[in-house]
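The structure appears right after this line, and notes come after that.
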Amino acid sequence: MASPSQQAETEGTRNDTLETPTEDQLPAIPSATAHVNAKTEDMTPLRLELPFQDHVLAGLRAGHWVWLEGTMYSMGHLAGQRLVSEIKQGLPTAIPLEQQSIYFSTPSPAPFGKVIGSFDPEISAPFNRVAIHLLAAGVRCVVGYGPRNHDVIEAIKRGHGLYLHAPGGAGALLARCVLQSEIVAYPDLGLEAIRRIKVSLFPALIAVDAFGRDIFHAYHTSQKHQRASTGEIIL
Amino acid sequence: MRAVPFDAVVEAAKELFLETHFHLREDIRLALERAWEREEEPARTYIGLLLENAILASKGEVPLCRDTGVPIWFVEMGSELGMEDGLLPQAVEEGVKQAFLQYPSFSPILQDPLDVKSLITDRIPASVHLRIVEGSELRMICMRASALSELSSRLGVLEAGFAERELVEFVRQAVLQAGPWCNPPVLVGVGIGASLDDVARLARGGLLRPVGKPHTRLEYARLEQEMLNAVNALKMGPGGVGGETTALAVHIETAPCHRAAIPVAVCILGHSVRVAEVILTPDG
Numbered sequence: 033m034a035s036p037s038q039q040a041e042t043e044g045t046r047n048d049t050l051e052t053p054t055e056d057q058l059p060a061i062p063s064a065t066a067h068v069n070a071k072t073e074d075m076t077p078l079r080l081e082l083p084f085q086d087h088v089l090a091g092l093r094a095g096h097w098v099w100l101e102g103t104m105y106s107m108g109h110l111a112g113q114r115l116v117s118e119i120k121q122g123l124p125t126a127i128p129l130e131q132q133s134i135y136f137s138t139p140s141p142a143p144f145g146k147v148i149g150s151f152d153p154e155i156s157a158p159f160n161r162v163a164i165h166l167l168a169a170g171v172r173c174v175v176g177y178g179p180r181n182h183d184v185i186e187a188i189k190r191g192h193g194l195y196l197h198a199p200g201g202a203g204a205l206l207a208r209c210v211l212q213s214e215i216v217a218y219p220d221l222g223l224e225a226i227r228r229i230k231v232s233l234f235p236a237l238i239a240v241d242a243f244g245r246d247i248f249h250a251y252h253t254s255q256k257h258q259r260a261s262t263g264e265i266i267l
Numbered sequence: 014m015r016a017v018p019f020d021a022v023v024e025a026a027k028e029l030f031l032e033t034h035f036h037l038r039e040d041i042r043l044a045l046e047r048a049w050e051r052e053e054e055p056a057r058t059y060i061g062l063l064l065e066n067a068i069l070a071s072k073g074e075v076p077l078c079r080d081t082g083v084p085i086w087f088v089e090m091g092s093e094l095g096m097e098d099g100l101l102p103q104a105v106e107e108g109v110k111q112a113f114l115q116y117p118s119f120s121p122i123l124q125d126p127l128d129v130k131s132l133i134t135d136r137i138p139a140s141v142h143l144r145i146v147e148g149s150e151l152r153m154i155c156m157r158a159s160a161l162s163e164l165s166s167r168l169g170v171l172e173a174g175f176a177e178r179e180l181v182e183f184v185r186q187a188v189l190q191a192g193p194w195c196n197p198p199v200l201v202g203v204g205i206g207a208s209l210d211d212v213a214r215l216a217r218g219g220l221l222r223p224v225g226k227p228h229t230r231l232e233y234a235r236l237e238q239e240m241l242n243a244v245n246a247l248k249m250g251p252g253g254v255g256g257e258t259t260a261l262a263v264h265i266e267t268a269p270c271h272r273a274a275i276p277v278a279v280c281i282l283g284h285s286v287r288v289a290e291v292i293l294t295p296d297g
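Protein chains in written order, with this note's numbering: chain A, 33 to 267; chain B, 14 to 297.
Structure (structure tokens):
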């Protein structure tokens, strides 16, 4: 078996990474080039108005950056769970879901004079079940961080939606992209409450597009961070 | 014996804690800039956003990252020094408490790890690595450990007669298992040797060394490079979106250990590397 460093030397171009399954038991190595050929395709980020119209989806491919403009709802774990329990019981939901976009994040406390505190995304995997319910209830776009499981991707495909990967750890930058923020539901949850946010030039990478193409396809076998979806765990 | 005033330590701890909210370590910023130059889209934009984030956060208004993490304190105390009016961990804890009053932040700490209701939000019990060194200076370093970094790290004990290749594989596996969730590009600290309890501290200590400064011993510097190549060959890239830069650097720290059991720890820190340092002298 070649050592990892030898492999590094033999791998010439980026496209070769797709043909280098090192060990069978490991998830294959991901490559954004699986979906996008940077050399031939225009990679200029598009502005995406939220909530979006159906016709824009044709031009949005996994691996492209978009700048989000418009209104989203942000929520933490507890708010997501409460919203799902409302949906399951058939109650009217605390926020409108049809055609909306959901950002999974809990901000840090807002400093004096600021709209919102540090606001980078939370890991999406613990929100998988929440996302499936929300997508089934009419949500079109979910924004978070990291790979999602097969069920969510199917739900996105079914609903012609999008999953966007926001830059993790870029809290100050994403906070600046939020023009307005207002708590619209579950104020008792504090920072985790549902907020309606108005964003401008909010950067996000299309991780799963409406056709189910997924830049993280190599990671689905991993069950990491799935456990958090069952308990009230805050990361 | 010369004394360091309690209040001076409190003040220093407060300043360090506040500084690590906002400032990305300079060597990391430079390493990200270099990575930006060699990456292609979409990784290039990803790194560009991280650099922009660092500039915005350094204004001191909004923290770098939502998870401001748990502060880990490395303290080197000169043997000629003593503390007045209290103990060092108390002073550090008090400093953090005062920092919370000055700048509202949120670090969800569980008083009881098994009780999710026992959240404390107004203070952080001090985690201090204290070392007594020669001299009359007090050197304090504050490093933030976020939840994702902790979740990504791993520890193991190798049996005697392991091959160097296994060490490289151990590190590569740690990053691979952590996946995009460890917030790449990461900084990797590797502790080799010591004992089970000390090896994790060694690994964490490796993260204090600036990027671009290899190990002083040539064979370890070579091993660091080999590990870095192995990790970057994963092509996970920034944020897991694919690319050449999965890790910015791998830093090895070693210590003597039993020849039959060699502990190895891998401490993975996401790109938000927040470390601040201050040196106190008894004269102020």
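Cβ coordinates follow ideal geometry from the N, Cα and C atoms, glycine included. The model shown is predicted, which means the values in this text are computed figures rather than measured ones.
Chain-order list of residues whose beta-carbon lies under 8 angstroms from that of residue i (same chain, five-residue window excluded)
i	result
Asp135 (chain B)	Lys110, Phe113
Ala262 (chain B)	Ala44, Leu200, Val201, Val224, Gly225, Glu237, Leu241
Pro83 (chain A)	Gly102, Thr103, Gln131, Gln132, Ser133, Arg172, Cys173
Glu53 (chain B)	Gly256
Other residues of its chain near residue i: CB distance less than 7 angstroms, five sequence neighbours each side excluded
i	result
Ile148 (chain A)	Pro139, Ala142, Ala207, Val210, Ser213
Ile164 (chain A)	Asp183, Val184, Ala187
Leu265 (chain B)	Checking the displayed sequence, the identity of residue 265 (chain B) turns out to be Ile instead of Leu. Val203, Ile205, Gly219, His228, Tyr233, Leu236, Glu237, listed in sequence order.
Trp49 (chain B)	Arg57, Ile60, Gly61, Leu64
Cβ neighbour criterion (16 or more within 10 Å) applied to residue i
i	result
Pro269 (chain B)	exposed
Pro219 (chain A)	exposed
Arg46 (chain A)	Because the pLDDT of Arg46 (chain A) is 37, which lies under 50, any placement of that residue in the model is unreliable, and the question is left without a value.
Met14 (chain B)	exposed
Ser117 (chain A)	exposed
Pro126 (chain B)	exposed
Ala274 (chain B)	exposed
Arg230 (chain B)	exposed
Leu123 (chain B)	exposed
Ala90 (chain A)	exposed
Pro55 (chain B)	buried
Cα-Cα separation, residue i to residue j
i	j	result
Ala260 (chain B)	Pro197 (chain B)	7 angstroms
Ile41 (chain B)	His284 (chain B)	8 angstroms
Leu80 (chain A)	Ser156 (chain A)	21 angstroms
Gly95 (chain B)	Phe175 (chain B)	44 angstroms
Ile127 (chain A)	Ala168 (chain A)	15 angstroms
Leu282 (chain B)	Pro124 (chain A)	43 angstroms
His109 (chain A)	Lys230 (chain A)	21 angstroms
Asp107 (chain A)	Cys173 (chain A)	It should be pointed out that residue 107 (chain A) corresponds to Met in this sequence rather than to Asp. Rounded to the nearest angstrom, the two C-alpha atoms are 14 angstroms apart.
Ala202 (chain A)	Leu101 (chain B)	33 angstroms
Val83 (chain B)	Glu46 (chain B)	27 angstroms
Glu55 (chain A)	Glu179 (chain B)	Confidence at Glu55 (chain A) is low in this model, with a pLDDT of 40, below 50, so the placement of that residue is unreliable and no value is reported for it.
Ala26 (chain B)	Arg217 (chain B)	19 angstroms
Val291 (chain B)	Glu24 (chain B)	11 angstroms
Arg114 (chain A)	Leu132 (chain B)	20 angstroms
Asp98 (chain B)	Leu196 (chain A)	53 angstroms
Asp20 (chain B)	Leu293 (chain B)	12 angstroms
Asp210 (chain B)	Ala173 (chain B)	19 angstroms
Best match in the options for proximity to residue i [C-alpha to C-alpha]
i	options	result
Ile226 (chain A)	A:Lys189, A:Arg190, A:Gly112	A:Gly112
Val17 (chain B)	B:Thr81, B:Ser149, B:Gly61, B:Ala216	B:Ser149
His96 (chain A)	A:Ala242, A:Val171, A:Gly244, A:Ala236	A:Ala236
Arg180 (chain A)	A:Phe248, A:Pro83, A:Gly91, A:Leu100	A:Phe248
Asp152 (chain A)	B:Thr33, B:Arg222, B:Glu50, B:Asn66	B:Asn66
Ala160 (chain B)	B:Glu39, B:Pro295, B:Cys280	B:Cys280
Gly250 (chain B)	B:Ser162, B:Leu132, B:Gly192	B:Gly192
Ala158 (chain B)	B:Val146, B:Gln186, B:Pro121, B:Glu179	B:Pro121
Leu31 (chain B)	B:Asp128, B:Val146, B:Ala289	B:Ala289
Pro160 (chain A)	A:Gly145, A:Phe144, A:Leu100, A:Tyr177	Looking at the sequence provided, one finds Asn at residue 160 (chain A) rather than Pro. Answer by Cα proximity: A:Tyr177.
Gly170 (chain A)	A:Phe144, A:Leu194, A:Ser150	A:Leu194
Phe144 (chain A)	B:Arg167, B:Ile68, B:Tyr116	B:Tyr116
Ala246 (chain B)	B:Arg217, B:Glu182, B:Leu221	B:Glu182
Val286 (chain B)	B:Val105, B:Lys27, B:Phe35, B:Ala25	B:Phe35
Met90 (chain B)	B:Glu147, B:Val244, B:Asp296	B:Glu147
Arg38 (chain B)	B:Leu221, B:Gly256, B:Ile292	B:Leu221
Glu154 (chain A)	B:Gly99, B:Pro138, B:Trp194	B:Trp194
Gln85 (chain A)	A:Ala242, A:Ala204, A:Phe234	A:Ala242
Pro77 (chain A)	A:Tyr251, A:Phe234, A:Tyr105, A:Gly244	A:Phe234
Own chain residues within Cβ distance below 6 angstroms of residue i, not counting five before or after
i	result
Val88 (chain B)	Val141, Leu143, Met153
Gly169 (chain B)	Val277
Gly252 (chain B)	Tyr59
Ile215 (chain A)	Ala225, Arg227
Gln186 (chain B)	none
Return the chain-ordered ranges of every alpha helix (DSSP H) run that is complete within the segment 193 to 245 of chain B and spans a minimum of 4 residues.
209 to 219, 231 to 245
- Query: What beta strand (DSSP E) runs, 3 residues minimum, are completely inside the segment 171 to 235 of chain A?
  - Reply: 173 to 176, 194 to 197, 210 to 217
What ranges does the beta strand (DSSP E) occupy inside the segment 53 to 118 of chain B, keeping only unbroken runs of at least 3 residues that lie completely in it?
83 to 91, 94 to 96
Query raised in the report: Which runs of the beta strand (DSSP E) spanning at least 3 residues fall entirely within the segment 134 to 184 of chain B, listed in chain order?
Result: 140 to 146, 151 to 158, 167 to 172
**OP:** Run through the segment 90 to 151 of chain A for me and flag every whole beta strand (DSSP E) of 3 or more residues, listed as ranges in chain order.
**Re:** 97 to 107, 133 to 136
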